[in-house]
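In terms of our numbering, the sequence shown has 321 at position 319, counting the first letter as 1, and numbering is strictly consecutive.
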Amino acid sequence: MIPFSHTFFRTSFGFWLLSFFVLTATVSCSQDQQARVKDGVQAALPDALTKAGGPQPTLDSVYVVRYMSTEPRFKTQIDWAKKFYKARDFRLGWFRNHELVPQAETMLGVIGKAADEGLNPKDYQVVDFAPLLKELEAAKNDTTRRNALEKKIDVALSATYFNYASDFYRGTVDPRAIKSIDWDVKRNKVKLHKALMTILKERESTYGYYDFEPLHPEYDRLKKALADYRELERKGGWPTIPAGTSLRPGASSPAVAALRGRLLGPDAAAPAPAETPAVAVSNKPGQPASPAPAAQVYDPQLVAAVKEFQQLNGLKPDGVVGGETLRELNVPLGQRIQQIMMNMERWRWIPKKFEPDYLLVNIPEYTLHIVEDGKEAFKMPVIVGKKLNATPIFSDKVEFVVLAPYWNVPWSIIDKELRPKLAANPQATLDRLDMEVVKGWGAKATPVNASSIDWANLQQKDWKYTLRRRPGPKNDLGNVKFIFPNSNDIYLHDTPNDQLFSQTKRGFSHGCVRVAEPLRLAEYLLRDKAGWDAQAINDAIATRQEKYVTLPEKLPVYLVYFTTWVDDAGKLHFRDDIYGHDKALAKEYFN
3 MIPFSHTFFR TSFGFWLLSF FVLTATVSCS QDQQARVKDG VQAALPDALT KAGGPQPTLD
63 SVYVVRYMST EPRFKTQIDW AKKFYKARDF RLGWFRNHEL VPQAETMLGV IGKAADEGLN
123 PKDYQVVDFA PLLKELEAAK NDTTRRNALE KKIDVALSAT YFNYASDFYR GTVDPRAIKS
183 IDWDVKRNKV KLHKALMTIL KERESTYGYY DFEPLHPEYD RLKKALADYR ELERKGGWPT
243 IPAGTSLRPG ASSPAVAALR GRLLGPDAAA PAPAETPAVA VSNKPGQPAS PAPAAQVYDP
303 QLVAAVKEFQ QLNGLKPDGV VGGETLRELN VPLGQRIQQI MMNMERWRWI PKKFEPDYLL
363 VNIPEYTLHI VEDGKEAFKM PVIVGKKLNA TPIFSDKVEF VVLAPYWNVP WSIIDKELRP
423 KLAANPQATL DRLDMEVVKG WGAKATPVNA SSIDWANLQQ KDWKYTLRRR PGPKNDLGNV
483 KFIFPNSNDI YLHDTPNDQL FSQTKRGFSH GCVRVAEPLR LAEYLLRDKA GWDAQAINDA
543 IATRQEKYVT LPEKLPVYLV YFTTWVDDAG KLHFRDDIYG HDKALAKEYF N
């Protein structure tokens, strides 16, 4: 094994200079004075002259660029390397007095375990450092050769770090560069050159760069789940439940053994006969039925395991095996491993730190999480866009709560759904739908005679008005909406169709996000706004007059897309790839 530290002797020039001053001082000094003079001289001399091997070599930007340009994987990291070396006046980063710092060994060890992060170690093992270090050891008495090797090794280590850290902290895929991935959440702004300075103990940071730690605990939980699933894969994976299996609690089937092995593990034993309800199995006609073997009975313990599985996979927890439950049970283990890896990748795209308070909608989970002081205060079900009207993934800030809102009808609905009715009888249609056409916005909006519009031949480029539904029980936005101004015209809102929240898969909207408890959310967001308690909110809604209320502080909101995660109890959840974003990411990530 090649050692990562090398001890070099002082240069003869350094010894000569130091000896000269000490010898001169001894002519007229006592021993105590001599010691003080010696210490003072050492403090005054340049550090490089008091250490073994003479001055540490330095770099320049030309050297850094030239070296990194020769390797495609390093070439994309040149800007980080230039920032790193410029910040240190082009001093070497990985050597101290001609000795490699221990962080070099740590980094190469971390890279060797890159597979634990869902990354490929070979992508980062670009340089073979063993022969370089062996050559460096042999050249310790050849100052010129040694300095040249130190420079080369130093830049190679920095380039290797940036190559790995770029993927580890910022992701291997740029989601903004691939339209099909659809991810416009604000960027992760990790400054890799400062992260490296933190690793080398040249600056302080609140982040775990020192130990090459991930930025988010949610990522770390997925990393542990990845390790568990890979171990399960090494042991042979999980059994497949026979196609066509249909089981209700208490039933009996040969498929039960596979189901028990799938959910309770290969060593799980069937309950003792006395603990298992007898299930009659018919024999030949005319003969009495005989009890089914205990191992084939779908017993309460296994029913409970199925219900938990259904809950963790976003299914109705009824304990019935078949249909969607059977499909989810038989998803291949390798596919689940890839799903975990892709969601770890998404966590690399997330900003390195969330604000203390924020809202987070996880679209595949159909859930809004309200976070306060870094902890979830409460959550609620939501309805998101159907596949053809997918809710976009982005981040913004909630600025307004709108009470008794109008619903401005999108052009797509006017064009595809309402045009024939409006063309046939515009005013009667508007009266029936409790709608109106206006010109202008807000309090300055003025009514327009709907009959004056040629609805049959209307084109979007000629549409200069707003078709809106008045506040009230028929309004598609319900009683409240929550606005975070954005180019997608997406917001959170109430809905009069509360019955849809009872569905486990809730992709029903035209893109906006409907929340199950809008009044609770409004009261929470306005809790620090004087004069806006629950009673005031309800009174304002009752007037059926649209009212904008500005939040005391803008609140960050994230609309994200995670199809697997580990909850606080350590349970691993999976959800359907409802918009096909996993499929799009897989093409990039695994290629």
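We put the CB at the ideal spot given by N, CA and C, even for glycine. Everything numeric in this text was worked out from a predicted model, so none of it was measured.
Classify residue i: buried if its beta carbon has 16 or more other beta carbons within 10 angstroms, exposed otherwise.
i	result
L479	buried
R148	buried
V333	exposed
W443	exposed
T72	exposed
T242	exposed
W185	buried
K153	buried
W534	buried
L370	buried
L499	Checking the sequence shown, residue 499 turns out to be Asn, not Leu. It is exposed - the Cβ of N499 has fewer than 16 other Cβ atoms within 10 Å.
N451	exposed
E204	exposed
T327	buried
D398	buried
L361	buried
Q429	exposed
Keeping to the same chain, check which residues put their C-beta closer than 6 Å to that of residue i; ignore five residues upstream and five downstream.
i	result
V258	Q298, Y300
K354	N190, V192, L217
F1	Absent from the model: residue 1. The displayed extent of the chain is 3 to 593, so no value can be given.
K476	D436
V322	R250
Y607	Residue 607 lies beyond the range of the chain shown here (3 to 593); nothing can be said about it.
Under 7 Å Cβ to Cβ from residue i, same chain only, skipping five residues before and after it: list those, please.
i	result
P319	K309, Q312, Q313
E374	D359
N231	It is Tyr, not Asn, that sits at residue 231 in the sequence shown. Around Y231: L335, R338, I339, I342.
V129	A158, T162
A542	L405, A406, K549
Output needed for residue i: all residues of its chain with C-beta closer than 8 Å, excluding positions within five of it in sequence on either side, in chain order.
i	result
L304	V258, L261, R262, L265, L266
L224	I342, N345, M346, W349, T566, W567, V568
K585	D579
A588	Q340, M344
K84	S63, V66, V67
D91	T60
Is residue i helix, strand or coil by DSSP?
i	result
H195	helix
S397	strand
K226	helix
H218	coil
F402	strand
D579	coil
L234	helix
K589	helix
E204	coil
G120	coil
I243	coil
F380	strand
R516	strand
G387	strand
P295	coil
V568	strand
P449	strand
N364	strand
W457	helix
Is there at least one Cβ from chain B nearer than 8 Å to residue i's Cβ?
i	result
A445	Checking the listed chains, one finds no chain B in this structure; it contains a single protein chain.
| Meets three-Cβ-pair contact criterion under 8 Å: the region 392-407 and the region 536-551 | yes
| request: Flag this pair as touching only if the region 340-350 and the region 209-222 have three or more C-beta atom pairs under 8 Å; answer yes or no. | output: yes
| said: Quick test of the definition: if touching needs 3 or more C-beta pairs under 8 Å, does the region 464-471 touch the region 406-425? | reply: yes
| field | Entirely enclosed beta strand (DSSP E) segments - the region 469-513, minimum 3 residues | value | Entirely contained in the region 469-513, the beta strand (DSSP E) runs reaching 3 residues are, in chain order, 482-485, 509-511.
| message | Closer than 8 Å is the cut-off here; do at least three beta carbon pairs connect the region 516-528 with the region 434-441? | response | no
| the region 390-397 contacting the region 455-467, beta-carbon criterion three pairs below 8 Å | Note that the region 390-397 does not touch the region 455-467; fewer than 3 beta-carbon pairs, one per stretch, sit closer than 8 Å.
| request: Could you tell me whether the region 192-199 touches the region 171-181, where touching means 3 or more Cβ pairs closer than 8 Å? | output: yes
| message | Suppose only complete runs of 4+ residues qualify. What are the alpha helix (DSSP H) ranges in the region 306-333, listed by chain order? | response | 325-331
| query | Are three or more beta carbon pairs between the region 86-100 and the region 114-134 nearer than 8 Å? | reply | no
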